[in-house]
Structures are given as structure tokens and as C-alpha cells.
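Trainee:
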Amino acid sequence: TTGATTTMTTTGATTTGNKMASFYREHCLYLPAMLGWFFFSAAISSYNKYIFGASHLAFPCPLLLTSIHFLVQWTVSYALTSLLPESLGGDRVAVMPWREFLSVSVPCGLVTCLDVGLSNLALVRITITFYTMIKASSPIFVVASAYAFGIERITCALLATVGVISAGEFLTVLGEVDFDTVGFVLCLSASVLSGMRWTVVQMKIQGLR
1 TTGATTTMTT TGATTTGNKM ASFYREHCLY LPAMLGWFFF SAAISSYNKY IFGASHLAFP
61 CPLLLTSIHF LVQWTVSYAL TSLLPESLGG DRVAVMPWRE FLSVSVPCGL VTCLDVGLSN
121 LALVRITITF YTMIKASSPI FVVASAYAFG IERITCALLA TVGVISAGEF LTVLGEVDFD
181 TVGFVLCLSA SVLSGMRWTV VQMKIQGLR
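If you count the sequence shown from 1, position 20 lands on 20 in UniProt numbering, and the numbers rise without skipping.
(1) Measure the Cβ-Cβ separation of Phe-141 and Gly-90 and say whether it is below 8 angstroms.
(2) By the 10 Å Cβ neighbour count, where 16 or more other Cβ atoms means buried, how is Asp-178 classified, buried or exposed?
(3) When you compare only the Cα positions, how much space is there between Gly-163 and Arg-99?
(4) Given Pro-107, which residues of its chain have a CB within under 8 angstroms of its CB, disregarding the five upstream and five downstream residues?
(5) Would the segment 74–90 count as touching the segment 140–160 if we require 3 or more Cβ pairs under 8 angstroms?
(6) For the segment 112–124 against the segment 24–36, are there 3 or more C-beta pairs whose distance is under 8 angstroms?
(7) Give the list of continuous beta strand (DSSP E) stretches no shorter than 3 residues that lie fully inside the segment 70–97.
(8) Taking 8 angstroms as the CB-CB limit, is Thr-127 close to chain C?
(9) Go to Ala-148, then tell me how far its alpha helix (DSSP H) extends in each direction, as first and last residue.
(10) Relative to the C-alpha of Leu-63, which residue among Ala-122, Ser-55, Cys-28 and Met-96 is closest?
(11) Pull up the CB-CB distance for Val-124 and Phe-52, whole angstroms please, since I reckon it's below 8 angstroms.
(12) Arg-99 by DSSP, collapsed to three states: which one?
(13) Could you compute how far the alpha carbon of Ser-191 sits from the alpha carbon of Ala-94?
(14) Give the secondary structure of Glu-26 by DSSP, where H, G and I count as helix, E and B as strand, and everything else as coil.
(15) Below 8 angstroms on the Cβ atoms is my contact criterion, and I expect Tyr-50 with His-56 to pass it. Report the Cβ-Cβ distance as a whole number of Å.
(16) If you reduce the DSSP assignment to three classes, tell me which class Arg-197 lands in.
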């Protein structure tokens with residue numbers, strides 16, 4: 001009886017451990033990367049506002065500086081994928097035909113540069129707080145573009161979430177004292193492109209598997 005109880009306890013512990021490991025792989029494996037992305041996203045937005053804002057440094061060429069940012073990103077990415085090709089996919093890119101490479105890189109690069117470029121132009125005219133609130137509408141356009149491309153199904157819970165975000169956006173616009181129409185349109189356009197951006201990236205990257 002004692003042996004059977006011990007076996008059952010061990011089996012139960014093993015099952016629980018397997019469930020926890022499975023839960024971690026499904027939901028938490030990429031959590032550190034996501035937290036890092038949120039941190040650096042907030043940091044670069046604050047930095048850009050300081051550089052481009054009319055009440056700060058007021059750098060006159062936001063798109064030029066954005067191009068330099070992308071050049072630095074490309075340099076660092078190329079260096080890392082060259083140093084760690086198996087872990088970061090550099091070996092996959094090295095043998096990729098030019099036609100396949102361009103079919104992946106050009107659409108992703110196009111929507112990304114338009115998203116970031118319009119975002120930086122918007123930061124010239126609006127506050128960082130208003131910018132962040134408008135950019136928070138990106139999940140709406142992620143869902144819309146994912147549905148349009150057939151990679152997401154619309155559910156009641158999803159519609160309710162989008163409805164809450166939309167209501168928050170409406171209240172945000174009403175509560176902005178120094179409302180700038182051009183800045184708002186630029187930021188909202190960037191949010192639309194951001195939604196398309198993540199959908200296109202998902203489609204293209206998953207298509208390589």
C-alpha cells in the first residue's frame with residue numbers, strides 16, 4: 001500500500017511538472033523577449049520625442065534620423081545572425097534564394113518603415129502621452145488585418161476587446177486639450193500600418209517554416 005501511494009504521488013508530481021513545463025512553453029517562453037520589446041519600445045518613443053519634439057531639440061529631419069536607426073538595426077542584426085547563425089536564422093537566410101528573400105523582406109520592410117516613419121513625424125506635433133494612447137489602438141488593426149488575410153477568426157470575446165479599446169480611443173481624443181489634427185492622422189495611420197506590419201511579418205515568417 002505504501003509503495004502504491006508513493007508511486008501515485010510520484011506520478012502526480014510528474015504530471016504536474018509536465019503540465020507546468022507545457023504551460024511555460026506555450027505561454028511564457030517568449031515572455032522575456034516581449035518584456036524587452038515593451039521596455040525598448042517605450043524608451044525609443046521617449047527618445048524620439050525628445051529629439052523631434054518642437055519644445056525639445058526639434059531635430060529638423062525626422063525621416064533622416066529614422067533611416068539611420070534602421071541602418072544601425074540592420075548592422076547589429078547582420079552581425080548577430082553571422083555570429084549565431086543557427087540560433088538566429090542566419091544559416092537559413094544565407095541559403096535563401098533572392099526571390100524568396102525579397103518576397104519576405106520587401107513587404108515587411110515597407111510596412112515597418114512607413115509605420116516608424118509616420119510615428120516619428122507624429123511625435124513632432126503631438127505629446128508623448130497622446131501618441132502612446134493612439135498607438136495603443138494597434139491591436140484593433142492587428143485583428144482587422146489578420147481577419148482580412150484569413151489568419152484570425154472573429155469571436156465575441158475578440159469583438160468585445162476591440163470595442164473596449166475603440167471606446168478608450170474615442171475618450172482619449174475627446175480629452176486631449178492640445179489636439180493636433182495632422183499629428184493625430186499621422187499617428188493613427190501609423191497604428192493602421194502597425195497592425196498590417198505584424199500580420200505581414202507573421203505570415204511571411206511562418207511561411208518559411
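Every residue gets a Cβ at the ideal spot worked out from N, C-alpha and C, and that includes glycine. All of these numbers come straight from a predicted model, not from anything done at the bench.
Mentor: Looking at the atomic coordinates:
(1) Not in contact: Phe-141 and Gly-90 (Cβ atoms no closer than 8 angstroms).
(2) By the Cβ neighbour-count rule, Asp-178 is exposed, with fewer than 16 other Cβ atoms within 10 Å of its own.
(3) Distance from the CA of Gly-163 to the CA of Arg-99, rounded to the nearest whole angstrom, comes to 40 angstroms.
(4) Excluding positions up to five away in sequence, the list reads Val-200 and Lys-204.
(5) No: fewer than three Cβ pairs fall under 8 angstroms.
(6) Per the Cβ contact rule, the segment 112–124 is not in contact with the segment 24–36 (fewer than 3 Cβ pairs under 8 angstroms).
(7) Listed in chain order, nothing qualifies, since the segment 70–97 has no complete beta strand (DSSP E) run of 3 or more residues.
(8) Given the protein chain composition of this structure (a single chain), no chain C is represented.
(9) Counting along the chain, the unbroken alpha helix (DSSP H) around Ala-148 starts and ends at 138–148.
(10) Comparing Cα positions, the closest option is Ala-122.
(11) Indeed, because the Cβ distance is near 5 angstroms, the residues count as touching under 8 angstroms.
(12) Correct three-state label for Arg-99: helix.
(13) Roughly 33 angstroms separates the two Cα atoms.
(14) Note: Glu-26 maps to helix in three-state DSSP.
(15) That belief holds up - the Cβ atoms of Tyr-50 and His-56 are roughly 5 angstroms apart, short of 8 angstroms.
(16) If DSSP states are grouped into helix, strand and coil, Arg-197 belongs with the helices.
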